[in-house]
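The structure under discussion appears below in the form of structure tokens.
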Amino acid sequence: MKRHTLALSALVMSLAAGAAQADEIVFAIGGAPNSLQGQTSQHFADLLQERLGDEHQVEYYHSGQIGDERQLLQKLRLGTVDLAGISSIMSSVSPSFALFDLPFLVKDRDHLLRIDEQIVKTDLAEDAEEQGLHLVSTWENGFRQITNNERAVNVPADLDGLKIRTPQSEWRTLMFNTWGANPTPMAFSEVFVALQTGVVDGQENPLSNINGAKFQEVQDYLSLSNHVYSPIWLSASASGWESMPEDVRTAIEEVAAETQQWALAKGLELDNELVSTLEEGGMAVNEVDRAAFVEASRPVYEAYAEQVDGGQDLIDLAMSLAEE
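Numbered according to the working numbering, the sequence shown spans residues 535 to 858.
Right under this line is the structure:
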């Protein structure tokens, strides 16, 4: 009888553990906690937990603790992660997302919101669904800037021969190749050591990521280029999203939409604060010759128009939305 009681207790504990596991919502990003990506994700996780209450547990992981973005995409599809913040490597899901790798395409955050409504939530979201991924919301990673240890970058020729870390995106690689650099794709979590040891000369990231990862400790020059606006897409697998209870999906959508507004406001605030912070940290700051970079970027636009189905139409629509 005692044996049966122990067996029953074990079964009950096992079932209880399984139920608790089913109620967990695992959410992960690759960025550092004090980057804008990290701050935004923490804001979302806290609000979502408050909204869902005790019936669900939001498990939030940052800094690539359970995988870089490529690994997180795989974990989404395997069902071991429920939500993930995915940035530049989204073009590996569908080439149409490389629209956001086109240099100087996004004028400002108001322009970004129009692109989100008329392109991301329609064409790009549909492309993602076809690849088994569900886009929940577009958050901000930010306008990207260039840092390095060799010299100030004013024109594309100043990048000649520099080893510049890029995200694991073929389009970002193409961009820096076109500008004369030697792009070196790697996971964000590896970048600090790569800069510190000279494996790469520089990198490109939003100011919040640069400051959040303390790159000012291992980089001498910050060149303000605003060359790409890099979103973070809150994503789930298409099948995983459909399997969530409707009330959970609704809570995630509503909290994510609120978080989008928070992220955009925070991004603007950080843009206005962090240049002086990084300068005080020892970095020499300059602004690039935008016109020279725009002219040098034409081949990237031509490649997108040629290689991506409907690419020229997406470019034309995105550019037209800048004028509204």
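Glycine is no exception: its CB is placed at the ideal position from the N, C-alpha and C atoms.
Note that the structure is a prediction, hence the values are computed from the model and not measured.
From residue i to residue j, what distance separates their C-alpha atoms?
| i | j | result |
| --- | --- | --- |
| Asp588 | Tyr755 | 48 Å |
| Phe677 | Ala662 | 23 Å |
| Leu804 | Ser742 | 7 Å |
| Glu724 | Arg706 | 17 Å |
| Ala553 | His590 | Since pLDDT at Ala553 reaches only 40, below the 50 mark, its modelled position is unreliable, and the value read off the structure follows with that caveat. The straight-line gap from Cα to Cα measures roughly 10 Å. |
| Gly816 | Ala772 | 45 Å |
| Ala837 | Asp850 | 14 Å |
| His645 | Ala852 | 8 Å |
| His596 | Leu667 | 20 Å |
| Leu708 | Gln846 | 18 Å |
| Ser622 | Ser757 | 20 Å |
| Val782 | Phe561 | 14 Å |
What are the boundary residues of the beta strand (DSSP E) that includes residue i?
| i | result |
| --- | --- |
| Ile653 | Counting along the chain, Ile653 falls outside any beta strand (DSSP E), and DSSP gives it neither H nor E. |
| Val834 | Here Val834 belongs to no beta strand (DSSP E); instead the alpha helix (DSSP H) covers Arg832 to Gln841. |
| Gln573 | Counting along the chain, Gln573 falls outside any beta strand (DSSP E), though it belongs to the alpha helix (DSSP H) covering Leu570 to Leu586. |
| Arg699 | Lys697 to Thr700 |
| Asn682 | Leu667 to Asn682 |
| Val592 | Gln591 to Tyr595 |
| Glu558 | Glu558 to Ala562 |
| Glu857 | No beta strand (DSSP E) holds Glu857; DSSP gives it neither H nor E. |
| Ser628 | It is not in any beta strand (DSSP E) - Ser628 carries neither H nor E in the DSSP assignment. |
| Trp767 | Tyr763 to Ser771 |
| Phe758 | The sequence given here has Leu at residue 758, not Phe. Run containing Leu758: Tyr755 to Leu758, per the beta strand (DSSP E) assignment. |
| Leu617 | Leu617 to Ile620 |
| Asn688 | No beta strand (DSSP E) holds Asn688; DSSP gives it neither H nor E. |
Please classify residue i as buried or exposed, where buried requires at least 16 neighbouring CB atoms within 10 angstroms.
| i | result |
| --- | --- |
| Ser703 | buried |
| Gly844 | exposed |
| Gln679 | buried |
| Arg832 | exposed |
| Leu610 | buried |
| Thr672 | buried |
| Ser854 | exposed |
| Val727 | exposed |
| Pro779 | exposed |
| Ser859 | The question about residue 859 has no answer, for the chain in this structure spans 535 to 858. |
| Val828 | exposed |
| Leu693 | buried |
| Glu840 | exposed |
| Gly695 | exposed |
| Thr793 | buried |
| Glu603 | buried |
| Gly613 | exposed |
| Ser777 | exposed |
I need the boundaries of the alpha helix (DSSP H) containing residue i, first residue and last residue.
| i | result |
| --- | --- |
| Asn743 | Leu741 to Gly746 |
| Leu607 | Glu603 to Leu612 |
| Ile786 | Glu780 to Glu814 |
| Ala728 | Val725 to Thr731 |
| Glu751 | From DSSP, Glu751 is part of no alpha helix (DSSP H); its letter is neither H nor E. |
Is any non-hydrogen atom of the ligand SAH found closer than 7 Å to the C-beta of residue i, if you look at the structure I gave you?
| i | result |
| --- | --- |
| Leu812 | Annotation note on the ligand SAH: not contained in the displayed structure, which lists no ligands. |
Could you tell me whether the segment 556-575 touches the segment 668-676, using the rule of 3 or more Cβ pairs below 8 Å?
-> At 8 Å Cβ cutoff, the stretches touch.
Given 8 Å, three or more beta-carbon pairs between the segment 679-699 and the segment 730-738 | Judged by Cβ distances under 8 Å, the segment 679-699 makes contact with the segment 730-738, as three or more pairs qualify.
Is it a yes or a no for the segment 636-643 touching the segment 779-787, going by three-plus beta-carbon pairs under 8 Å?
-> By the Cβ rule, the segment 636-643 does not count as touching the segment 779-787, because fewer than three pairs are nearer than 8 Å.
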